[in-house]
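Its first residue numbered 6, the sequence shown is counted upward by one per residue in our numbering. Just so it is clear, CB atoms sit at the ideal spot from N, CA and C, and this is done for glycine as well. Here the structure is a predicted model, which means the values were calculated and not measured.
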Amino acid sequence: APFYGFGLSEQRLGAVLQGQGDIVVSTKVGRLLVPASGPVDETVVRHGYASPMPFEPMFDYSYDAVMRSFAGSHARLPRIDLLYIHDIGRLTHGEGNDRHMTALTTGGGLKALEELRDAGRIRGFGIGVNEVAACREVMDHARLDAILLAGRYTLLEQGPLDDLFPACEKAGTAIVVGGPYNSGILATGTKTGGPLYYDYEPAPAEVVARVRAMEQVCDAYGVPLAAAALQFALAHPLVASVIPGLDSPARVKQTLALYGHPIPSALWRDLVRAGLLRADAPVPRGP
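Put into structure tokens, the structure is as follows:
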């Protein structure tokens, strides 16, 4: 997304992806990069990032903003396959969301995305958010190719099974699961001695207790909790991809090992019997 490092993330990825034809490249629109109002100190954290890029992010979901954002991203990336509408919804904007949703709908943001798709400049578009309600609202206005949903379909949360996933199945919309570890606790477990995070904040006691119970089931089968969390998210037939967050070569190797770790079917049955997992949630096939 342009927001990540104010263009620096796209710039770095663009340099690496030159000549790579077999990779799906996605980025986001919704935060427009505008010139910084003064000198930039790359050691100072701005809007969550320390970056030398001389820009500031500004929310704008209108037609012109989407087109400008796409043009800026395309200058940094060799190509763009998917565009996600970034952080629309009340979770991010509160009462101001109506104004942003109007810019997206009647203000032409969706029209811009449809034009880019129809012209073949992108292969598809969707929405990238942390909340189900925003997905359903945007689906009422456009045909989405994919939804990047962070933290809402995990071992701890399966609410999308009730409404969103059936709607996506009917519409032919793929799901990309972000945050399969709920921002930390399903990766670290509860035994590390360090801070435990859930939804980017300290994990509440009831979440810690639930994860501790999951760990006990996983330990009985010699399965890392993180392996169960990662493979569970991938098991739903609507899920095309999972984004676990990889920040080093070592983490890539670790994640591949978690992805390939054998998990017996009995583990999933025990989670269901213990009331720790919904019985209607698809699970991986195992021995």
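Where the beta strand (DSSP E) through P40 begins and ends: Here the question's residue 40 lines up with position 35 in the sequence shown. That run of the beta strand (DSSP E) goes 36-40.
For Y205, the nearest candidate out of A70, D168, G189 (CA to CA): The residue given as residue 205 occupies position 200 in the sequence shown. Nearest of A70, D168, G189 to Y205, Cα basis: G189.
Status (buried if at least 16 other CB within 10 Å, exposed otherwise) for A225: Position 220 of the sequence shown, counted from the start, is the residue given in the question as residue 225. With fewer than 16 other Cβ atoms within 10 Å, it is exposed.
Host alpha helix (DSSP H) of G19 (start-end): For the purposes of this step, residue 19 is identified with residue 14 of the sequence shown, where counting begins at 1. From DSSP, the alpha helix (DSSP H) with G19 extends over 13-22.
Strand pairing of A76, partner residues [DSSP]: For the purposes of this step, residue 76 is taken as residue 71 along the sequence shown, with counting starting at 1. Looking at the DSSP output, A76 shares a beta bridge with no other residue.
Beta-carbon proximity of A279 to A218, cut-off 8 Å: Residue mapping note: residue 279 aligns to position 274 of the sequence shown, counting from 1. Residue mapping note: residue 218 aligns to position 213 of the sequence shown, counting from 1. Cβ distance < 8 Å, so A279 and A218 count as in contact.
Short Cβ contact (8 Å threshold) for V300 with M63: No information on residue 300 is available, as it lies outside the stretch 6 to 292 that the chain covers here.
A284 in three-state terms, based on DSSP: Counted from its first residue, the sequence shown places residue 284 at position 279. Note: A284 maps to coil in three-state DSSP.
Among D285, V257, Y264, the one whose alpha carbon lies nearest that of V228: For the purposes of this step, residue 228 is taken as the residue at position 223 of the sequence shown. Here the closest residue by C-alpha is Y264.
Environment of A240 [buried if 16+ CB atoms lie within 10 Å]: Within the sequence shown, residue 240 is the residue found at index 235, counting from 1. Counting Cβ neighbours within 10 Å, A240 comes out exposed, since fewer than 16 surround it.
Residue range of the unbroken alpha helix (DSSP H) whose run includes S270: For the purposes of this step, residue 270 is taken as the residue at position 265 of the sequence shown. First-last of the alpha helix (DSSP H) with S270: 270-278.
Which residues DSSP lists as bridging P207, in chain order: In the sequence shown, counting from the first residue as 1, residue 207 sits at position 202. According to DSSP, P207 bridges with Y202.
Reduced DSSP category for K33 - H, G, I as helix; E, B as strand; rest coil: Within the sequence shown, residue 33 is the residue found at index 28, counting from 1. Reduced to three states, the DSSP call for K33 is strand.
Residue range of the alpha helix (DSSP H) that includes F237: Looking up residue 237 in the sequence shown gives position 232. Segment 230-240, the alpha helix (DSSP H) holding F237.
CB contact flag (P267, G250, <8 Å): By 1-based counting over the sequence shown, the position of residue 267 is 262. By 1-based counting over the sequence shown, the position of residue 250 is 245. No, they are not a contact pair.
Spatial distance of P83 from A245 (CA atoms): One-based indexing of the sequence shown puts residue 83 at position 78. One-based indexing of the sequence shown puts residue 245 at position 240. Their backbone Cα atoms lie some 23 Å apart in a straight line.
Contact set for L118: own chain, Cβ-Cβ below 7 Å, skip 5 residues either direction: In the sequence shown, counting from the first residue as 1, residue 118 sits at position 113. Same-chain partners within the cutoff: V71, L88, F130.
Rounded Cβ spacing between L153 and G183 (contact assumed at less than 8 Å): In the sequence shown, the residue the question calls residue 153 occupies position 148. In the sequence shown, the residue the question calls residue 183 occupies position 178. With a Cβ gap of about 6 Å, L153 and G183 count as contacting.
Whether G94 touches A138 by CB criterion (8 Å): On the sequence shown, position 89 is the one that residue 94 refers to. On the sequence shown, position 133 is the one that residue 138 refers to. Contact flag set, yes.
C-beta atoms of K33 and A6 nearer than 8 Å: The residue labelled residue 33 in the question sits at position 28 within the sequence shown. The residue labelled residue 6 in the question sits at position 1 within the sequence shown. For K33 and A6, yes; Cβs fall inside 8 Å.
Option nearest W273 by Cα separation, candidates E220, R126, V257: As a working mapping, residue 273 is identified with position 268 in the sequence shown. W273 has its Cα closest to that of E220, out of E220, R126, V257.
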